[in-house]
Each structure stands twice: as C-alpha cells, then as structure tokens.
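Colleague: Could you have a look at this structure, given as structure tokens, before my questions?
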Amino acid sequence: MSKFESFTPGGVAVVIGASGGIGSALFSALNETGRFKTVLGFSRRSPLPIDLADEASLERAAKAAAADGEIRLVIDATGFLHQGGEGPEKTWRELDAQKLATAFAINAIGPALLMKHFLPRLPRTGKTVFATLSARVGSIGDNRLGGWYGYRASKAALNQFVRTASVELARRAPEAVCVALHPGTVDTHLSVPFAKQGLDLHSPDAAAANLLSVLDRLNKEDTGGFFDWQGARVPW
Numbered sequence: 265m266s267k268f269e270s271f272t273p274g275g276v277a278v279v280i281g282a283s284g285g286i287g288s289a290l291f292s293a294l295n296e297t298g299r300f301k302t303v304l305g306f307s308r309r310s311p312l313p314i315d316l317a318d319e320a321s322l323e324r325a326a327k328a329a330a331a332d333g334e335i336r337l338v339i340d341a342t343g344f345l346h347q348g349g350e351g352p353e354k355t356w357r358e359l360d361a362q363k364l365a366t367a368f369a370i371n372a373i374g375p376a377l378l379m380k381h382f383l384p385r386l387p388r389t390g391k392t393v394f395a396t397l398s399a400r401v402g403s404i405g406d407n408r409l410g411g412w413y414g415y416r417a418s419k420a421a422l423n424q425f426v427r428t429a430s431v432e433l434a435r436r437a438p439e440a441v442c443v444a445l446h447p448g449t450v451d452t453h454l455s456v457p458f459a460k461q462g463l464d465l466h467s468p469d470a471a472a473a474n475l476l477s478v479l480d481r482l483n484k485e486d487t488g489g490f491f492d493w494q495g496a497r498v499p500w
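So, in structure tokens, the structure goes:
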C-alpha cells in the first residue's frame with residue numbers, strides 16, 4: 265500500500281461513490297494511509313447524501329469537505345454500465361435515447377458537476393488531485409471491437425471533461441493534478457455479467473491499492489492525462 269508521501273500531510277481526502285465496491289475499498293485504504301486528517305465518503309447513503317443528478321447535493325458535499333480542511337484528494341468512483349437484465353448495446357439497433365441519456369448523466373455530466381464544485385476549492389499550492397474513474401473502453405483510439413455505445417461514448421465525454429478542466433485548473437493551482445483512471449476489471453456487481461474465465465479480475469482492495477499507488481506517483485506534468493491501474497497512459 266502506498267504511503268502517500270507525495271501529499272502534504274493533514275489534509276482532507278474525499279471519495280465520491282464511497283458505498284460502491286471500488287469506492288468503499290478506496291475509502292478504507294485512504295484511512296489506512298494515515299496521511300490525511302479526514303477521509304470523507306459521500307454516496308446516496310452517506311450522512312450527507314449525494315446524487316449525481318442533484319447538483320445542489322454535490323455543492324453541499326464540496327462545501328462540507330472544504331469546511332473540514334484543505335482538500336488534497338478527490339476520487340470520483342461513480343459510474344454506470346447497465347441496469348436490470350439489460351446489458352450494454354451490442355449493435356446500433358439497440359440504441360435507446362433514454363438509456364443513452366442515463367449513461368451520459370451518470371458517467372459524464374455528474375462528474376463534470378463534481379469538478380465544477382470541487383476544483384475551485386482545491387488549495388492553490390502543493391500537490392492536490394482530482395481523479396475520476398473512466399474506462400479503457402472509453403478510449404477512441406483503442407476501440408477495435410465496437411459495441412457498448414453508451415458506455416464508450418459517455419466515458420469518452422468524461423475524458424474530455426477531465427482534459428479541459430485540467431487546463432483551467434493549472435492556471436489556478438499549478439501543482440494540481442486532474443486525471444482519468446482506468447481501474448482494470450474489478451470484481452464487483454458491475455462486472456459479474458461480463459466475467460470470463462481467464463480474465464484478469466482484480467478484487468476491490470487490490471484495485472484500490474493499485475489506483476492509490478498510481479495517484480501517489482503522479483505530478484503536475486501528468487495533469488489532464490488518462491492512466492490505467494499500472495500507471496501506463498491510455499490512448500485517447
């Protein structure tokens with residue numbers, strides 16, 4: 265487990281989506297580092313609940329975090345792949361306007377609003393990080409299989425939000441890092457329908473450790489990037 269020595273000690277760390285498989289593991293792992301004065305977890309079930317479709321709730325969460333001290337780390341561990349028994353689209357014949365709107369609302373618009381309310385509250389000096397969980401299938405350059413239209417497109421939109429916000433953030437906080445992360449395939453309810461024999465499946469705890477190790481190694485030159493769980497750059 266990374267000791268997070270690249271971060272100024274005593275700040276605040278925030279996990280959005282802390283009730284999910286990866287989010288809860290990240291929340292626990294950050295507490296174990298002992299690097300932060302406070303580790304806050306927000307979700308629909310947290311004491312101060314949030315909903316990505318309710319911007320006011322996101323603003324309240326950002327204000328609450330900033331009131332607790334300097335926000336040194338924000339990890340957005342939210343995401344939407346499928347619901348009910350319906351999986352991602354395999355063909356354009358399955359495209360549905362409402363399903364596409366839901367994917368964009370959760371995978372792109374919600375995280376963009378998190379940036380809107382958290383990025384202005386990050387310290388102007390010292391290392392500070394905003395990271396959001398994207399997915400390799402959101403890479404346009406790496407798309408050779410097709411399918412999964414809504415998930416791919418919404419994650420690609422998220423990547424553009426990250427890249428664009430990083431440019432603005434650098435003007436305000438030159439040492440800040442704003443990145444998208446691919447956690448790999450993690451053993452959560454999200455991946456159950458797509459698990460294959462021989463697939464490199466990570467436990468939530470292992471995924472959290474991998475991601476935190478990557479974040480500890482990133483610096484201002486990496487801002488605006490898209491990295492996998494090993495720290496390798498993913499093509500746009």
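Here the numbering used here is used: the first residue of the sequence shown is 265, the next is one more, and so on. For glycine and all other residues, C-beta sits at the position ideal for the given N, C-alpha and C.
Got a sec, what are the start and stop residues for the beta strand (DSSP E) K301 sits in?
Modeller: Its beta strand (DSSP E) spans residues F300 to F306.
Colleague: What are the boundary residues of the alpha helix (DSSP H) that I286 is part of?
Modeller: Where I286 is concerned, the enclosing alpha helix (DSSP H) starts and stops at G285 to T297.
Colleague: Buried or exposed: T487, going by 16 or more other Cβ atoms within 10 Å of its Cβ?
Modeller: buried
Colleague: For Q461, count neighbouring C-beta atoms within 10 Å of its own C-beta (all shown protein chains included) and say buried if the count is 16 or more, exposed if not.
Modeller: Because Q461 carries a pLDDT of 49, less than 50, the predicted location of this residue cannot be relied on, and no value is offered for it.
Colleague: Note the first and the last residue of the continuous beta strand (DSSP E) segment covering G374.
Modeller: Where G374 is concerned, there is no enclosing beta strand (DSSP E), although the alpha helix (DSSP H) it sits in stretches over G374 to F382.
Colleague: How about I280 and L378: do their beta carbons lie closer than 8 Å?
Modeller: Closer than 8 Å, so yes.
Colleague: Which partner residues does L444 have in the DSSP bridge list?
Modeller: Before going on, a small fix: residue 444 reads as Ala here, not Leu. Looking at the DSSP assignment, A444 forms a beta bridge with T396 and F490.
Colleague: Give me, in chain order, the residues of the same chain whose beta-carbon lies closer than 7 Å to that of S403; leave out the 5 immediate sequence neighbours on both sides.
Modeller: Result list for S403: V498, P499 and W500, in chain order.
Colleague: Please report how far the alpha carbon of G351 lies from the alpha carbon of K301, in whole angstroms.
Modeller: Approximately 41 Å, taken between the alpha carbons.
Colleague: Tell me whether the beta-carbon of W389 lies closer than 8 Å to the beta-carbon of I335.
Modeller: Sequence inspection shows Thr at residue 389; the Trp mentioned does not correspond to that position. For T389 and I335, no; Cβs fall outside 8 Å.
Colleague: V478 lies in the alpha helix (DSSP H); which residues open and close that run?
Modeller: P468 to R481
Colleague: Go through the stretch 296 to 371 residue by residue and report every complete run of the beta strand (DSSP E) that reaches 3 residues or more, in order.
Modeller: 300 to 306 and 335 to 340
Colleague: From this set, L337, V426 and N295, which residue's C-alpha is nearest N371's C-alpha?
Modeller: Distances from the alpha-carbon of N371 to those of L337, V426 and N295 put V426 closest.
Colleague: With distances taken between CB atoms, is the gap from A471 to G448 smaller than 8 Å?
Modeller: yes
Colleague: If I measure Cβ to Cβ from S455 and keep anything under 8 Å in the same chain, skipping five residues before and after, which residues do I get?
Modeller: Confidence at S455 is low in this model, with a pLDDT of 49, below 50, so the placement of that residue should be treated as unreliable; the coordinate-derived value is given next. Taken in chain order, the residues that qualify are T449 and L465.
Colleague: Looking at the unbroken alpha helix (DSSP H) that takes in V401, where does it start and where does it end?
Modeller: Per DSSP, V401 belongs to no alpha helix (DSSP H) and is neither H nor E.
Colleague: When you compare each of P468, K484, R436 and W493 to W477 by their alpha carbons, which one comes out closest?
Modeller: Looking at the sequence provided, one finds Ser at residue 477 rather than Trp. If we check each option's Cα against that of S477, W493 comes out closest.
Colleague: Using alpha carbons as the reference points, say which of Y413, A437 and A376 lies closest to T396.
Modeller: A376
Colleague: So what's T428 in DSSP terms, helix, strand or just coil?
Modeller: Three-state result, T428: helix.
Colleague: Please name the residue or residues paired with A277 in a DSSP beta bridge.
Modeller: V303 and L337
Colleague: Here's the rule: buried if 16 or more other CB atoms are within 10 angstroms of the residue's CB, otherwise exposed. What is E432?
Modeller: Exposed is the call here.
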